[in-house]
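Here's the structure, in structure tokens; my notes come after.
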Amino acid sequence: MFGGDPESFTLSGKGISAVLLKMDEFQGRIGMPGALIRKGGKPETSVLPPLPVPVIRMAKVSDAPSRNLTESEAAALKPLLWQNKEVEENCADIFPGTLTLTPLDEGCVLISTQCWVAAYNDGSAYWVMDNALKGKPEFVTSDGSDYGGGVIYASHKGRGLGDCWDGRKWVWDGREFRQSSEWHTGMCRGIRAGGAWHLPTLVTRVIDENGKDISSE
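When you number the sequence shown by this note's numbering, it's gap-free, plus one each residue, and the end is 361.
If you want it as structure tokens, here you go:
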């Protein structure tokens with residue numbers, strides 16, 4: 145029973161029961177003690193084992209400040225950065241704006257620029273390049289919200305009320321930015337600002353350069 149002044153209502157459990165039963169079926173648990181719905185006494189020797197959580201070892205990044213590219217640097221890079229289907233499709237309205245260079249380490253830099261603007265969200269595009277700005281740019285995302293300390297963040301509202309969100313992170317491992325997480329807060333139902341709950345769809349373990357697990361940070 146769910147209540148909200150001045151009304152209350154009953155929510156059927158048939159939908160969630162069907163979902164949990166499908167989980168049992170996929171994992172091979174039907175008729176076993178660990179089943180969520182149809183429990184039984186069969187041995188669980190044939191149950192699918194859990195997949196190992198991917199581990200990302202985060203590399204130390206430079207603390208040198210970011211800078212805007214000069215006009216000549218930007219003019220040379222813009223044609224290279226545009227040669228990506230996702231950038232071409234998502235950033236056509238305002239790309240390219242000011243290009244920013246952020247040092248990553250002795251060999252690589254992060255190039256970024258605002259990519260798109262919507263009613264209540266915006267996104268920036270990110271690429272990894274060599275320090276000399278001569279090689280092929282390695283595209284990361286066109287939905288970034290911020291960068292800091294070796295991590296690119298993305299977080300966007302599902303609608304203006306802010307009652308539903310989604311987000312992702314990418315972590316620098318010394319060679320590339322690897323996606324370390326993805327999540328959303330469920331459907332936009334006006335339950336509360338920030339969303340009703342945090343539902344992860346990609347989970348990893350992130351280990352920093354000192355061996356500390358920072359997955360939850």
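Backbone N, C-alpha and C fix where the C-beta goes; we use that ideal spot for every residue, glycine too.
The alpha carbon of S359 has as its nearest neighbour, out of W314, L165, D310 and K229, the alpha carbon of W314. The alpha-carbon separation between D290 and S268 amounts to approximately 8 Å. By a beta-carbon distance limit of 8 Å, L343 contacts W327. Their separation comes to about 6 Å. Burial state of D287 is buried, judged by a 10 Å Cβ sphere holding 16 or more other Cβ atoms. Taken through DSSP and simplified to helix, strand or coil, D168 comes out as helix.
According to the DSSP assignment, V231 belongs to the alpha helix (DSSP H) that extends over K229 to N234. In the structure shown, W226 falls within a helical segment according to DSSP collapsed to helix, strand and coil. According to DSSP, residue pairing for R336 in a beta bridge does not occur. When beta bridges are read from the DSSP output, T257 appears opposite A269. For the stretch 181-221, not one full-length alpha helix (DSSP H) segment reaches 4 residues or more. Distances from the CA of P187 to each of T345, G178, G279 and V347 were compared; the closest alpha carbon is that of G178. Put simply, the stretch 202-209 does not touch the stretch 165-183. Fewer than three CB pairs are less than 8 Å apart.
Secondary structure note for E326: its beta strand (DSSP E) is the uninterrupted segment F321 to H328. Counted as a single uninterrupted DSSP element, the beta strand (DSSP E) harbouring W314 occupies residues W309 to W316.
W271 is a Cβ neighbour of I255, given a cutoff of 8 Å. Contact between E282 and E320 holds, with the beta-carbon distance rounding to 7 Å and staying under 8 Å. Distance check between G302 and each of L277, V284, N265 and K280 places N265 closest, using alpha-carbon atoms only. Rounded to whole angstroms, the gap between the alpha carbons of L277 and E353 is 26 Å. Note on geometry: alpha-carbon atoms of A162 and V347 lie some 25 Å from one another.
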